[in-house]
Amino acid sequence: MSKVYLTESFSCTFKSRVDYTNTLQALLDRYSAAGWRLHSFETPGYGDFCVVVFERDREE
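Per the working numbering, the very first residue in the sequence shown carries number -16; after that it's consecutive.
Quick look at the structure:
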């Protein structure tokens, strides 16, 4: 079965660790409730945004 991917990003510049964790957890909760699984995420060293990629099986 093939996969479908969804990419989200959010600003992570000047976020505290707690703010970053809460933002990431909210994304994980929202998309997992809709049937998406976390594929990967990237937090650039000094970037201004973080990228989260979700996947799920393609509905055919």
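Built from N, CA and C at the ideal position, the CB exists for glycine as well.
- In this chain, the beta strand (DSSP E) harbouring residue -6 covers -14 to -6.
- Each of -11, 1, 27 was checked against the Cα of residue 14, and the nearest Cα belongs to -11.
- The residue from -3, -9, 19 with its alpha-carbon nearest to that of residue 31 is -3.
- DSSP places residue 20 within a strand segment (E or B) once states are collapsed to three.
- By the criterion of a C-beta distance shorter than 8 angstroms, residue 19 is surrounded in its chain by -11, 37, 38, 39, once the five residues flanking it on both sides are discounted.
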